[in-house]
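Worksheet: one structure, shown below.
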Amino acid sequence: AIAVSTEGQDLGSYKKVQFPVMYPLWVGGTQVTSENASNITGGDPVTASYNAETHILTLNNANITTGKPVGGPVYGIYYAGSDNLAIHLTGDNSVIGTERFNCGIGINGKGALTISGSGSLRTSGSDFGITAGQTIKIESGSITASADNLAITSDKDLEISGGTVKATGSNIGIYSWSS
3 AIAVSTEGQD
13 LGSYKKVQFP
23 VMYPLWVGGT
33 QVTSENASNI
43 TGGDPVTASY
53 NAETHILTLN
63 NANITTGKPV
73 GGPVYGIYYA
83 GSDNLAIHLT
93 GDNSVIGTER
103 FNCGIGINGK
113 GALTISGSGS
123 LRTSGSDFGI
133 TAGQTIKIES
143 GSITASADNL
153 AITSDKDLEI
163 SGGTVKATGS
173 NIGIYSWSS
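Everything in the sequence shown is counted per this note's numbering, starting at 3 for the first residue and increasing by one.
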């Protein structure tokens with residue numbers, strides 16, 4: 003407790019308040035914090051967790067059906083950080099909104115996106131299945147992305163070094179804006 007006084011008057015004791023650290027990551031419409039990072043969606047068993055030191059989001063049989071509105075568009079998973087983000091897949095995961103997402107997974111920060119793991123990921127959106135302002139790397143896992151526009155798109159490079167990828171877009175399946 004902290005004792006507080008002013009000009010000799012005792013104003014009592016107050017408890018020190020610890021506020022959670024807010025991370026620039028939203029999963030299913032929930033902002034990830036230091037308090038919920040070990041179980042973002044609050045499910046039992048845990049289906050989504052985040053390690054802030056390594057910047058790894060782990061999806062373990064996650065079924066993400068709600069999203070985060072960002073200036074109009076709605077994202078199932080949204081990251082706006084300056085560090086790279088890795089998504090590690092275990093089991094069967096989906097990021098498909100009950101109210102259709104504009105984008106299943108959107109990375110709007112300065113970091114790259116890496117997807118790996120032994121699991122699978124299905125994602126879709128009216129605009130994008132997976133989109134990133136930086137490089138996207140798919141190292142392993144089974145990825146299925148669909149969208150009315152671009153299924154998987156990166157403003158930089160797009161590297162697929164392992165796993166299986168199925169991308170279905172009404173306009174384009176996989177696209178990198180990098181020249």
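Where is the CB? At the ideal position from N, CA and C, for every residue including glycine.
Contact belief for residue i with residue j at Cβ below 8 Å, rounded distance in angstroms
i    : j    : result
Y80  : Y52  : That belief does not hold up - the Cβ atoms of Y80 and Y52 are roughly 13 Å apart, past 8 Å.
I132 : I138 : 7 Å
Per DSSP, the bridge partner or partners of residue i
i    : result
G119 : L91
R124 : S96, T146
Status (buried if at least 16 other CB within 10 Å, exposed otherwise) for residue i
i    : result
K112 : exposed
K70  : buried
T49  : buried
G171 : buried
N173 : exposed
Per-residue DSSP class, three states only, for residue i
i    : result
E141 : coil
Q33  : strand
T51  : The sequence given here places Ser at residue 51; Thr does not occur at that position. Here S51 sits in strand by DSSP.
T56  : coil
I42  : coil
P75  : coil
Own chain partners of residue i with C-beta closer than 6 Å, once the 5 adjacent residues on each side are dropped
i    : result
I89  : L59, I117
K168 : T146
Sequence-distant residues of its chain with Cβ nearer than 8 Å to residue i (five each side left out)
i   : result
V23 : T35, S36, A54
Cutoff 7 Å; reference residue i; Cβ partners in own chain excluding five residues on either side
i    : result
G165 : I140, E141, S142, G143, S144, I145
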